[in-house]
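Asks:
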DNA sequence: CCGACTAACCGAACAGTGTTAGGTTAACCC
DNA sequence: GGGTTAACCTAACACTGTTCGGTTAGTCGG
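Chains as they are written, first to last, in the working numbering: chain A, 20 to 218; chain B, 20 to 218.
1) Contact defined as beta carbons within less than 8 Å: I believe residue 49 of chain B pairs with residue 37 of chain B. What is the distance between those atoms, to the nearest angstrom?
2) When you compare only the Cα positions, how much space is there between residue 132 of chain B and residue 166 of chain A?
3) Note down, in chain order, every chain B residue with its Cβ under 9 Å from the Cβ of residue 143 of chain A.
4) Let me know if residue 108 of chain B comes out buried or exposed under the rule of 16 or more other beta-carbons within 10 Å of its beta-carbon.
5) Hey, residue 145 of chain B and residue 206 of chain A are a contact pair by Cβ (cut 8 Å); roughly how many whole angstroms apart?
6) Taking DSSP as the reference, what is the three-state secondary structure of residue 183 of chain B?
7) By DSSP, does residue 147 of chain A sit in helix, in strand, or in coil?
8) Would you decide whether residue 83 of chain A is buried or exposed? Buried here means 16 or more other CB atoms lie within 10 Å of its CB.
9) Does the count of Cβ pairs from the stretch 53–67 of chain B and the stretch 90–98 of chain B closer than 8 Å reach three?
10) Contact check, residue 80 of chain B vs residue 149 of chain B under 8 Å by CB: the rounded distance?
11) Is it the case that the Cβ atoms of residue 134 of chain B and residue 87 of chain B are separated by a distance below 9 Å?
12) Could you please give the first and the last residue of the uninterrupted alpha helix (DSSP H) stretch that includes residue 41 of chain B?
13) Assuming the contact rule is C-beta atoms closer than 8 Å, residue 89 of chain B and residue 137 of chain B should be a hit. Round their C-beta distance to whole Å, please.
14) On the DSSP letters alone, give me the boundaries of the alpha helix (DSSP H) that residue 116 of chain B sits inside.
15) Residues of chain B with CB closer than 7 Å to the CB of residue 205 of chain A, please, in chain order.
16) Is the separation between the beta-carbon of residue 99 of chain B and that of residue 214 of chain A shorter than 9 Å?
17) Can you pull the chain B residues whose beta carbon is under 7 Å from the beta carbon of residue 214 of chain A, in chain order?
18) Step through the CB atoms of chain A and report whether any lies within less than 9 Å of the CB of residue 101 of chain B.
19) Can you list, in chain order, the residues of its chain with a C-beta nearer than 7 Å to that of residue 110 of chain B? Leave out the 5 residues immediately preceding and following it.
20) According to DSSP, is residue 48 of chain B helix, strand or coil?
Now the structure itself:
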């Protein structure tokens, strides 16, 4: 197939299909050939629209993070922190399979930095020193990313026999998969509340 | 080369060389062929001692996590939480390049579960409900893993020009790489202290 | 002492990966 | 209408984890 009358590919379409594959099959489930097939195209054609796979993932990550809301600081800084953390986590948990990628490389994404800049500025305006503001923002990110990884409550076996013998205090851990989502959210809220209260 | 007089390979030696490669070249820098070459051997030979690469990484992860100290709960639960979190983070930051692997899959490693069991039991003994104990343990892990990922303060550019124009509040961010380690540790301590105090 | 057996390694291969080079043709512009 | 470019293709490269079948050194039973 030579040049088609209407283009089959566009950066947007590539990104959105790629994200759908990641959501469905996980981060490892995305390969350039599979992505191309989903788009009705050969793998090499993607490179006319996308520089590398890594760049594609970065772009997808940025688009996911664009949903983070840092508008809550007009009320007060505690409320701002909480809203920011919640929306950040919400964005990440909508596409949990891309979190390992975010956790991988440096945070030099433009979207991240812009939000960080706002956060930092708001904390300084509220009276914290620059250094304190940096540490508070970092602490907030720790909780957000830690909870988004959710390598915690997910990934537990659902077979009671896996626990009763070897881990006496985890004898109800097999119930976790069923309530994992809810428990993860409550754990996040607990950690967030404790952190902000403790500042 | 057929069977050598003294074996060249052992699971221990494989693990330790693999970990050294990961520490030096990152998680992506470890391939079975490269590992084999470092051991003076062909790649296929590794599979007589190691089931899969994934299993190898799991074993390495377990050995790294074996340094986590959960003995502090004999004093009181706050002290126990803090000590556990500190030693956990220390273990992870000694081999930061393996953290993305930990963050990837489920936490079904035996080492993790044993420590989690102790932690959970100690919190319940201290009067927390089972559910609360689970959430507190989760929150602690959020902070530990979030800070260990350190996709935060690391990964900043050291060129001031990257920030001054676009991110007015981050005009000193170029100083970060130089003090990143210290700042990361302080951020972790702040988050940990705030979290435990806020409980 | 000698044969059987096993343990430890190797070479070659398979299916998969990201990526690039070079070719073909449709659409667009002058 | 001819030249240029954009969008796709096929084929290949160098790599990945892993497996199969061989080759030989060490070990153990008779």
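By construction, the Cβ of each residue, glycine as well, lies at the ideal position given by its N, Cα and C atoms.
Predicted, not measured: the structure shown is a model, and the values here were computed from it.
Replies: Taking the geometry as given:
1) Here residue 49 of chain B corresponds to residue number 30 of the second chain, with the count starting at 1. Here residue 37 of chain B corresponds to residue number 18 of the second chain, with the count starting at 1. Correct: roughly 6 Å between the Cβ atoms.
2) The residue given as residue 132 of chain B occupies position 113 in the second chain. The residue given as residue 166 of chain A occupies position 147 in the first chain. Each residue's alpha carbon lies about 18 Å from the other.
3) The count along the first chain starts at 1 and reaches residue 143 of chain A at position 124. Neighbours of residue 143 of chain A on chain B, chain order: 188.
4) Locating residue 108 of chain B in the second chain gives position 89, where the first residue counts as 1. It is buried - the Cβ of residue 108 of chain B has at least 16 other Cβ atoms within 10 Å.
5) Position 126 of the second chain holds residue 145 of chain B. Position 187 of the first chain holds residue 206 of chain A. With a Cβ gap of about 18 Å, residue 145 of chain B and residue 206 of chain A do not count as contacting.
6) One-based indexing of the second chain puts residue 183 of chain B at position 164. Of the three classes helix, strand and coil, the one that applies to residue 183 of chain B here is helix, per DSSP.
7) Numbered from 1 along the first chain, position 128 holds the residue referred to as residue 147 of chain A. Here residue 147 of chain A sits in coil by DSSP.
8) The residue given as residue 83 of chain A occupies position 64 in the first chain. Burial call: buried.
9) no
10) The residue labelled residue 80 of chain B in the question sits at position 61 within the second chain. The residue labelled residue 149 of chain B in the question sits at position 130 within the second chain. Going by Cβ atoms, the distance from residue 80 of chain B to residue 149 of chain B rounds to 27 Å, so no, they are not a contact pair.
11) Translated into the one-based positions of the second chain, residue 134 of chain B becomes position 115. Translated into the one-based positions of the second chain, residue 87 of chain B becomes position 68. It is a contact, given that the beta carbons lie within the stated cut-off.
12) Numbered from its first residue, the second chain carries residue 41 of chain B at position 22. Segment 30–44, the alpha helix (DSSP H) holding residue 41 of chain B.
13) In the second chain, residue 89 of chain B corresponds to position 70, counting from 1. In the second chain, residue 137 of chain B corresponds to position 118, counting from 1. With 8 Å as the limit, residue 89 of chain B and residue 137 of chain B qualify as a contact, their Cβ atoms being about 5 Å apart.
14) Position 97 of the second chain holds residue 116 of chain B. Note, residue 116 of chain B: premise wrong, no alpha helix (DSSP H); not H, not E.
15) The residue labelled residue 205 of chain A in the question sits at position 186 within the first chain. In chain order: 154.
16) Against the second chain, residue 99 of chain B aligns to sequence position 80. Against the first chain, residue 214 of chain A aligns to sequence position 195. It is not a contact, given that the beta carbons lie outside the stated cut-off.
17) Within the first chain, the letter at position 195 stands for residue 214 of chain A. Those within 7 Å of residue 214 of chain A in chain B are 210, 213, 214, 217.
18) What you label residue 101 of chain B is simply residue 82 of the second chain in a count that begins at 1. Not closer than 9 Å to any Cβ of chain A, the Cβ of residue 101 of chain B fails to qualify, so no.
19) As a first step, residue 110 of chain B is located in the second chain; it is residue number 91 there, counting from the start. Closer than 7 Å at Cβ, skipping near neighbours: 83, 84, 86, 87.
20) The residue labelled residue 48 of chain B in the question sits at position 29 within the second chain. Here residue 48 of chain B sits in coil by DSSP.
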